[in-house]
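Numbering (the working numbering), first residue to last: 1 to 172.
Before any comments, here is the structure.
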Amino acid sequence: MIRVRLKGTTLVDLVVSCALFSVFMTVAIGLFTSMTRVVSREQKPAERMMEARVAALKVCRRLRNCKEMVSPTLREMMAGGESSTILLRDQVLRRTVKLEVVEGILTETHYPLDYDHKNAAQFRPIKALRLTPCRDFSLQSGGFAHPTRLHVHLTTTDERTVQATTNFREAL
């Protein structure tokens with residue numbers, strides 16, 4: 001057998017050390033990827049919750065920009081009504097915006113400003129935005145005690161609830 005000496009080590013020692021190093025790296029990479037999976041599994045509910053919060057803030061922004069609530073009307077809301085579909089005229093966008101849950105996703109659909117929900121077949125949506133997956137969405141009035149206040153309740157698909165409160169311009 002021929003032995004090659006490289007600075008005092010044999011070829012066998014070099015092969016063994018390379019094999020040990022590759023085993024060590026394989027174990028280290030395996031541990032790292034399993035830790036990454038654990039971290040990503042823990043972060044997904046937090047990401048969904050953040051997405052729901054952003055959607056609730058977008059709904060609040062639409063309500064603050066609202067020039068007029070088409071359906072339900074402010075009087076219906078003040079009488080203690082609760083609604084899961086909202087149709088309002090946004091004076092900043094200069095569009096009619098419909099907020100509703102469609103197939104488990106909160107959507108924001110934009111229509112022309114002169115949109116009439118009674119003759120909906122005549123109008124085509126300009127744009128439809130899918131905000132977040134959710135199970136339930138509702139809007140409640142502050143009642144006669146707080147007439148300008150609206151409460152937004154959004155329940156995500158994994159049963160987490162997001163609530164937001166905003167002032168409503170039409171009532172001011």
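Glycine included, every Cβ here is placed at the ideal spot set by N, Cα and C.
According to DSSP, is residue i helix, strand or coil?
i: L172; result: Its pLDDT being 48, under 50, L172 is placed unreliably in this model, and the value from its coordinates should be taken loosely. Here L172 sits in coil by DSSP.
i: V12; result: helix
i: Q91; result: coil
i: N119; result: helix
i: T161; result: strand
i: T166; result: strand
Which whole-angstrom value describes the C-beta separation of residue i and residue j, a residue pair presumed to lie in contact below a C-beta threshold of 8 Å?
i: R95; j: H110; result: 5 Å
i: L129; j: E108; result: 4 Å
Using only the alpha-carbon positions, how far apart do residue i and residue j sit?
i: T156; j: C60; result: 17 Å
i: C18; j: R48; result: 45 Å
i: M69; j: G30; result: 56 Å
i: V16; j: F24; result: 12 Å
i: L131; j: T166; result: 19 Å
i: D158; j: A52; result: 11 Å
i: K67; j: L93; result: 11 Å
i: A56; j: L106; result: 10 Å
i: H153; j: N65; result: 19 Å
i: G142; j: H151; result: 7 Å
i: R145; j: L63; result: Reading off the sequence shown, one finds Ala at residue 145, where the question assumed Arg. C-alpha separation (whole angstroms): 19 Å.
i: M50; j: A120; result: 33 Å
i: R160; j: L14; result: 57 Å
What span of residues does the beta strand (DSSP E) with residue i cover, start to end?
i: R95; result: 95-102
i: R135; result: 127-141
i: R149; result: 149-156
i: E68; result: 66-71
i: E108; result: 105-111
With a 10 Å radius around its C-beta and 16 neighbouring C-beta atoms as the bar for buried, classify residue i as buried or exposed.
i: K44; result: exposed
i: V162; result: buried
i: S71; result: exposed
i: L20; result: exposed
i: V27; result: exposed
i: K98; result: buried
i: V54; result: exposed
i: L139; result: buried
i: V12; result: exposed
i: V102; result: exposed
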